[in-house]
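Residue numbering for the sequence shown follows the working numbering, starting at 25 and increasing by one per position. Backbone N, C-alpha and C define an ideal beta-carbon position, used for all residues, glycine too. Below: the structure, in structure tokens.
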Amino acid sequence: MRFADRAEAGRALAAAVAERVAGEAVVLGLPRGGVIVAAPVAAALHAPLDVLVVRKLGLPWRRELAMGAIAAVGDRVETVRNAEVLAAAGVDDAAFAAVREREVVELRRRAGAYRGDRPPVPVRGRTVVLVDDGLATGSTMRAALAALRSQDPARVVVAVPVGSPHVVAELAAQVDVLVCLSAPADFRAVGQAYAAFPAASEDAVRAALAP
25 MRFADRAEAG
35 RALAAAVAER
45 VAGEAVVLGL
55 PRGGVIVAAP
65 VAAALHAPLD
75 VLVVRKLGLP
85 WRRELAMGAI
95 AAVGDRVETV
105 RNAEVLAAAG
115 VDDAAFAAVR
125 EREVVELRRR
135 AGAYRGDRPP
145 VPVRGRTVVL
155 VDDGLATGST
165 MRAALAALRS
175 QDPARVVVAV
185 PVGSPHVVAE
195 LAAQVDVLVC
205 LSAPADFRAV
215 GQAYAAFPAA
225 SEDAVRAALA
235 P
């Protein structure tokens, strides 16, 4: 399965999620690209859309490789470590803490840039649909789940257009519902499922979140 872009993926995902989620819900998109995918999902469910800001913690010398991730819901920041990457790379606690401190500052900046002065949508006691544009290592989604669970949602649904089969299977056991449209055996990267996969801009995220 291949999508023209994130908007098309969101429309396809919306149809699948609508079949699995009944009643009132809240949709949270993971920035940046996940918010673009989440907008059609929220529209299909007639649900409020908000952003759950997540930041990858990349290796100090190879930032694209995640050694963990952080996410925030409200004032609380949750941290997830990728033990396999940390062990293989030999990252010590001081180096990890330095990267985390830098990314917490950026996480807070982005939350303000995306949401402005609007308060977060309440999630306690509600069905929450977490949406991203794909699952590769799963680090950012795990951090998002940890942050979300600290707010006591009633049910948690993860929805993505594409993902690594291994990661999809692992996360499916940790949530109430997982919707993934494509988990190819030859999965290499999220971008392989899209004909156009440019970096989403902050303006695009703000536009998707606009009331």
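If you check the CB distance, Q175 and V97 come in under 8 Å.
For G53, the three-state secondary structure derived from DSSP is strand. In the DSSP assignment, P189 falls within the alpha helix (DSSP H) that extends over P189 to A196. Approximately 5 Å separates the beta-carbon atoms of A183 and V41; this is inside 8 Å, confirming the contact.
Shown here for P72: same chain residues with a beta carbon closer than 6 Å to its own, the five before and five after excluded, namely V50 and V145 in chain order. Inclusion of A168 and L81 in the CB contact set at 8 Å is not warranted, their separation being larger than that value. Separation of R133 and V123 (C-alpha to C-alpha, rounded to the nearest whole angstrom) is 16 Å.
Fully contained in the segment 36-106 are the following beta strand (DSSP E) runs of length 3 or more, in chain order: 49-53, 73-75, 78-83, 86-97 and 100-105. For S163, the enclosing alpha helix (DSSP H) covers residues S163 to R173. Boundaries cannot be given for R142, as no beta strand (DSSP E) includes it and DSSP labels it neither H nor E.
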